[in-house]
Amino acid sequence: MDTGRMESPTWIATAKWNLHGNLVLTVLPGQSAETLEPLFFSLNEFYMTTHAKPQKTTLNEKWNKLVMDGVPTGAKQRFDNGLGTKPFTPEEMEAELTTYNPILHNAKLAAPPRFLVHPADLASKAESSITFAVFNKDTADQILSEQYLNLFGKAC
């Protein structure tokens, strides 16, 4: 498949569906898949005509996954009627990470933060572990060298 008006055309070597329903395109050795990015809109349009489920088309980029322990959950057990409060959402955790940690101010997260245990199991926990991923390896290495990030008023 020729990508159109580009200085050196990129050819798709393989196109196949993986077990998760993703279309995986592979280019020939020595070529960059990034040159296919202008085609994403067309590929997405084609895919939407054959599948009802909304899809997102992105480049395959390496992630650097991190795990943090001792993160406040935001869920507290109330003993007056046995009802607990809801744990922090991924959006709240991401906002907290990027607001109060200068290293993450301009970082793009590859995967949003999430608790490693099921939300229903967080009701009685004051703290738990989370995981998230960043694209930039240098950012991940710097976080590891500093050994903590600030989350909800606590160094984790």
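Take the sequence shown: its letter number 47 is residue 47 in UniProt numbering, and every next letter is one higher.
Built from N, CA and C at the ideal position, the CB exists for glycine as well.
In this text, all values refer to a predicted model and were calculated from it rather than measured experimentally.
Open item on the list: Suppose only complete runs of 4+ residues qualify. What are the alpha helix (DSSP H) ranges in the segment 91-150, listed by chain order?
Closed with: 137-146
Task: Per-residue burial, Ala75 [other beta carbons within 10 Å of its own, 16 or more giving buried] - done: buried
TODO: Give the straight-line distance between the Cα atoms of Thr98 and Lys137, rounded to the nearest whole angstrom.
DONE: 17 Å
- [ ] Compute the distance between the beta-carbons of Glu61 and Phe135, then report whether it is under 8 Å.
- [x] Yes. Within cutoff.
Open item on the list: Short of 6 Å in beta carbon distance, which residues of its chain neighbour Ala107, apart from the five on each side in sequence? Order them along the chain.
Closed with: Val134 and Thr139
Task: Residues that Ala155 bridges to, as DSSP identifies them - done: Asn150
Task: Local conformation of Leu28 per DSSP, three classes - done: coil
Open item on the list: Quick check on the DSSP output: the beta strand (DSSP E) that includes Lys86 runs from which residue to which?
Closed with: Neither: Lys86 is in no beta strand (DSSP E) and is coded neither H nor E.
Open item on the list: Rounded to the nearest angstrom, what separates Trp17 and Val24 at their Cα positions?
Closed with: Each residue's alpha carbon lies about 6 Å from the other.
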